[in-house]
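First to last, the sequence lines map onto chains A and B. Residue 328 in our numbering is what sits at position 130 of the first sequence, and the numbering runs on without skipping anything. Residue 1566 in our numbering is what sits at position 427 of the second sequence, and the numbering runs on without skipping anything. Yeah, the Cβ is synthetic: ideal placement off N, Cα and C, and Gly gets one too. First comes the structure, then the notes that go with it.
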Amino acid sequence: MTSKNAFIYGAPILAGAFFLIWYVLPIGWVLWVSFWDYSPISPNNAPVGLENYREALFQDHVFWAAVKNTAYFTFGNVVLGTIMALLIANGLSRLGTLRRLAQTAYFMPTLFSIVAAAVVWEEIFQPRFGILNNGLYYLTDSLGLPPFPEIGWTTTTDWSMPTVILFGLWKFLGIRIIILLAAIEAVPRDLYEAASIDGVTKRQQFFHVTIPLIKPALWFVVIAGIINSFQVFEPMYVITDGGPLRSSVSMVMLVAETAFERQRFGYSAAISILLFGMILALTAVLFWLRGRSEER
Amino acid sequence: MSFKLTRRQAILSSAAMATIASTPSAVWADGHGQAATGVPYVRKDQINNGEPIKLEYWEWSGQRADYQRQWAAAYMEMYPNVEIEVVLQPWASYWPSLITNVPAGAGPAMWHMHASKQAEFCGGNLMDPIPASAADPAYLNENWIGYSEGAMQCAATGSIHTVPMGAMMPLLFVNLDKWEAAGLTEADVPNTWEELRAVAVKLTERDARGRITVAGLSMDGQEWLQNAVYQQGRFLFNEDATAVQVNNPEYRTALQFIADLVHSDKALDNEIASTRHEALPAGQAAMYVGFSWIAGFMRANAPDINWSAFLLPTPDGELAPAYGNIRFAIEAAINPFADEATKAVAWDFWHFNYSREDVIVEDLALFNGFLPPYSKVLDDPRVTGDPLASTMAKAGSLGVINDLPNVIRDEQLELVTAVILGQGDLDDLLAQSEEAQNRLLAERADWNIIERNYANASLMLAGQ
């Protein structure tokens, strides 16, 4: 076999093997384990059929709390995040000399280690002694406004999820801005010039020129955002530890906790498969919606 | 004040410990061994046939790693062919790493163990049983606290894999500077819950906005709850440990104390309570209820705070029917999947350490705020002269030996958090928590729940 042939045949084999080893086998193993009462350190592993799924769906209220929190985070992170990123990217595209600086500033949080950043934000959000509450109090007080109240960002059930979402927006906004900015800059300038000549306002240009032409990038940001948001772990783990009273526990946190703290790897695998199913279903719906929007 | 643990004392005692720990070769030069494990340690001419061998010893606490490295240095001085590396692993990944590595035949030769993980590690056979060459089970049973009650054995097999490093009990920790600043004296040290509440109110400090900046009393809520229930004569589990006892008047009274402290006295609030054991070293709590390990945490993290510890107040000031919980900290467990040569050296190192009284008394127990569990050293002047150990010893006979399953601890903490946040009616919360705790308890059949072996069980409520 010549080296050319070896490459031609070898590359797909290598790619297939990689896919098999790193995707198919682990997913298959997790699926298999999800039908077992399984722990790697238990000598009494036994098949339980659909019991793990039944427990998650019909018995475990923490599972549903985690589903709700994950959906809440996804909504906040993707909907708010995408709107903010779009508006900021649009603004940046019109900015002159300061654009590079602003772009870097927005992108900077993406470069930080998420755990290190979350530890810092945990201190910032600390309700009694943290800089956020106290800073806002002194600011409102010095401006003669009604004093900013002490908000239990991380310590109350009402605020724990909004706090995690705020952190998520800070952390994940930059990459979306960069993607959308690149898409906006790729829109031919003559389209805007033609629109201006026809008397189209800037606002109308945004909705009728910019958005339709950056749709593929917007879809990418939304779909990737949803997939990533459903897998959220670190912000909750570090900032709120899923609390108080499970008010900010995410599905991936529950997967980790169930496996490593309760040694219920089978049940944890069932939750992972349910999470996988949700992401798959949502992604399928989004791709279908994208297809439909492109047909129009 | 009956005693004070000043920074100077802590430094002096650390220096003394370091000196003792650095001279083991002299101790063993004459070949005489002490026999805390019932089997004297005798220095060998060589180990592992003089062949080079390397062991990893995992730990998550930097404080403990310091003296473990001293032990390793002493051992390596005796046996230069041995290399023992103490590896610090972060707590967050510590247990997942062990649970996945050890059964796969990887992982360290030995690791610092935690009592709350014992059931899982027993169930998975993840700890090597103590060999006869290192300890005599009959001797341990007779001379070490907790063995006769079954605290150290695997529930399913009865096998023994570890020796405790210390026994800990709940104490009331007090910031003495804040105590004196509030005009309180030794006569004000509370004995009853009511006195505790009254003192907590006096010690509470607020800022100009009326917010608590120093809570009069903060606590690890789970630890308060557990001990307060025992103090009222109620066990936490039914007789055969198949169900929890939560929805009862004693649990309710223990939680009502917290509710009153937070919502009526306003001597504690959620913002301080949520910082748990960090409140005292951070100067955010004037008093703190927690297990005695806090002492080691204070010495490491708040050397400038002038603090002391007292017996935990009880409902009526009496220590009976029970003072509270006694639980243990465990030092090393040995990897059963390591090769035989590695295990032999690991157990020899383990035996060497546990044969030295100075290690048992100073490093393992007093340094960490524990009572040495080896009964033969309880009258050692270092123990009787140690403020914390001597305080705990006063209530030792009324301590209920048990280590709660970690899932039950977590649920108890959730319950206390709900009370502090005022989320729901107390009776509803108790009912919900009982259901949740029972569901988690049912996930395993081999929890090592031994509270009913309490020596003074007859003093507890009848018919429970």
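The C-beta of P1242(B) comes closer than 7 Å to at least one C-beta of chain A.
Residue pairing for D1346(B): DSSP places it in no beta bridge. According to the DSSP assignment, R1438(B) belongs to the alpha helix (DSSP H) that extends over I1433 to N1440.
When Cβ-Cβ separations below 7 Å define contact, Q403(A) makes no contact with chain B. Residues of the segment 417-450 of chain A that bring their beta carbon within less than 9 Å of a beta carbon in chain B comprise Y435, G441, P442, L443 and R444, in sequence order.
Near chain B, meaning a CB-to-CB distance below 7 Å, the residues of the segment 460-482 of chain A are R460, Q461 and R462.
Nothing from the segment 292-320 of chain A brings a Cβ to less than 7 Å from some Cβ of chain B. DSSP places H1251(B) in the uninterrupted beta strand (DSSP E) bounded by M1249 to H1251. Here the C-alpha atom of V1428(B) lies approximately 9 Å from the C-alpha atom of H1416(B).
Taking 3 residues as the minimum length, the beta strand (DSSP E) runs contained wholly in the segment 1182-1209 of chain B are 1192-1198, in order along the chain.
Going by C-alpha positions, L1543(B) is about 13 Å away from Q1384(B).
Residue-level contact check: S1287(B) does not touch chain A, since none of the beta carbons of chain A fall below 7 Å from its beta carbon. Straight-line spacing of the CA atoms in A1231(B) and S1255(B) works out to 15 Å. G1285(B) counts as buried, since at least 16 other C-beta atoms from the protein chains shown sit within 10 angstroms of its C-beta.
Shown here for M1266(B): same chain residues with a beta carbon closer than 6 Å to its own, the five before and five after excluded, namely F1260, H1300 and A1472 in chain order.
Near chain A, meaning a CB-to-CB distance below 7 Å, the residues of the segment 1550-1582 of chain B are E1553, T1556, A1557, L1560, Q1562 and E1582.
In the displayed model, S1572(B) falls within a helix according to three-state DSSP.
Against chain B, the CB of F458(A) has a partner CB under 7 Å away; the residue lies at that interface. Rounded to whole angstroms, the gap between the alpha carbons of Y435(A) and M451(A) is 7 Å.
Listed along the chain, the chain B residues whose CB falls inside 9 Å of the CB of P325(A) are N1409, E1410 and S1413.
Within chain B, no C-beta atom comes nearer than 8 Å to that of P414(A); the closest sits roughly 39 Å away. Assignment of P1309(B) by DSSP, reduced to helix, strand and coil, places it in the strand class. For P1235(B), the neighbours in chain A by C-beta distance under 7 Å run, in chain order, F458.
What I239(A) touches in chain B, judged by beta-carbon distance under 7 Å, is I1238, P1242, E1259, G1262, G1263 and L1265, going in chain order. If you check the CB distance, G372(A) and Y304(A) come in under 7 Å.
Under the 8 Å Cβ criterion, the segment 408-420 of chain A counts as touching the segment 477-492 of chain A, having at least three qualifying pairs.
Between the segment 1537-1552 of chain B and the segment 1209-1222 of chain B, the count of C-beta pairs closer than 8 Å stays below three; the two stretches do not touch. Below the 9 Å Cβ cutoff, chain B contributes no neighbours of E249(A), its closest Cβ being approximately 13 Å away. Between W1446(B) and G1508(B), the CB-CB gap reaches or exceeds 7 Å.
With a beta-carbon spacing of about 39 Å, P307(A) and P1242(B) fall beyond the 8 Å limit used to define contacts. Partner residues in a beta bridge of P1235(B), as assigned by DSSP, do not exist. The distance from the Cβ of G1349(B) to that of A1412(B) is about 17 Å, inconsistent with a contact at the 8 Å cut-off.
Around the beta carbon of F1376(B), a 10 Å sphere encloses 16 or more other beta carbons of the protein chains shown; the residue is thus reported as buried.
Residue environment for W227(A): exposed (fewer than 16 other C-beta atoms within 10 angstroms of its C-beta). Secondary structure at M1426(B): strand, using DSSP grouped into helix, strand and coil. Runs of alpha helix (DSSP H) with 4 or more residues, each lying fully within the segment 367-403 of chain A, are found at 387-395 and 400-403, listed in chain order.
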